[in-house]
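The sequence shown begins at 1 in the UniProt record's numbering and counts up by one.
Down below is the structure, laid out as structure tokens.
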Amino acid sequence: MKKKNIMSFILLLILSFSLIGCNLKDDYILQTKEDTDEKPSADKVNEVFESDKMKELMDKLKSSPKEISDKVNEVDSDTTRVMKELNDKADELTDELNNADFEGKSEDIKNKFDDISNKLDEVKDNVDDAKDRADTFKDPIDKKQVTDTVDEFTSHMNNLERAIDRIATTR
Numbered sequence: 001m002k003k004k005n006i007m008s009f010i011l012l013l014i015l016s017f018s019l020i021g022c023n024l025k026d027d028y029i030l031q032t033k034e035d036t037d038e039k040p041s042a043d044k045v046n047e048v049f050e051s052d053k054m055k056e057l058m059d060k061l062k063s064s065p066k067e068i069s070d071k072v073n074e075v076d077s078d079t080t081r082v083m084k085e086l087n088d089k090a091d092e093l094t095d096e097l098n099n100a101d102f103e104g105k106s107e108d109i110k111n112k113f114d115d116i117s118n119k120l121d122e123v124k125d126n127v128d129d130a131k132d133r134a135d136t137f138k139d140p141i142d143k144k145q146v147t148d149t150v151d152e153f154t155s156h157m158n159n160l161e162r163a164i165d166r167i168a169t170t171r
């Protein structure tokens with residue numbers, strides 16, 4: 001009977017612990033891992049900023065907008081030049097028509113009108129060529145490569161910020 005009472009008491013104890021949420025297992029031991037990140041030195045930071053990839057990125061970021069601006073200015077100057085030529089030819093035609101003596105000079109006027117018309121056609125062709133060049137202008141920047149380089153740069157900057165924060169907290 002005594003064994004039965006002891007056994008009942010143990011089962012009752014286990015049941016009461018399980019009802020209130022306690023385990024009879026050992027408590028978990030929390031372990032902290034050491035920080036295994038390499039702490040960058042000033043030389044390492046300088047090495048990152050002086051690397052070829054970083055220099056290449058900075059050069060592209062500095063030169064690409066200028067190149068695009070130069071191309072746009074070139075197309076704009078061509079268009080302006082062609083429009084100016086067109087206006088000059090139209091003014092010349094107007095002057096010729098205003099100064100023309102229609103009696104006996106109709107053949108000369110017709111020839112000059114044809115010449116001016118041909119020149120206007122050439123100017124129109126030049127305008128079309130300039131528009132085609134502007135439409136077919138290709139962006140020389142490889143967006144994927146720039147994005148990858150910027151992501152890499154951002155990653156380096158985040159690592160450097162974490163390193164600076166760690167250095168600041170250790171002092």
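Where a beta carbon is used, it is the ideal one built from N, C-alpha and C, also for glycine.
Item	Value
Coarse secondary structure for T136, derived from DSSP in three states	coil
Close Cβ partners of E92 (< 7 Å) along its chain, the five nearest in sequence each way excluded	I116
DSSP-derived helix/strand/coil call for A34	In the sequence as displayed, the identity of residue 34 is Glu instead of Ala. If DSSP states are grouped into helix, strand and coil, E34 belongs with coil.
With 16 other Cβ atoms within 10 Å as the buried cut-off, status of A42	exposed
Same chain only: Cβ atoms within 6 Å of V48, ignoring 5 sequence neighbours per side	H156
Close-in-space but distant-in-sequence residues of the same chain around N87 (CB under 6 Å, 5 per side omitted)	none
Pairwise C-alpha distance: V123 and V82	6 Å
Secondary structure of D43, DSSP reduced to three states	helix
Best match in D132, A163, A90 for proximity to K119 [C-alpha to C-alpha]	A90
Nearest-angstrom Cβ-Cβ length linking A134 and V45, presumed shorter than 8 Å	With 8 Å as the limit, A134 and V45 do not qualify as a contact, their Cβ atoms being about 44 Å apart.
DSSP state of E50 mapped onto helix, strand, coil	coil
Where M1 falls: helix, strand or coil (DSSP)	coil
Reduced DSSP category for D142 - H, G, I as helix; E, B as strand; rest coil	coil
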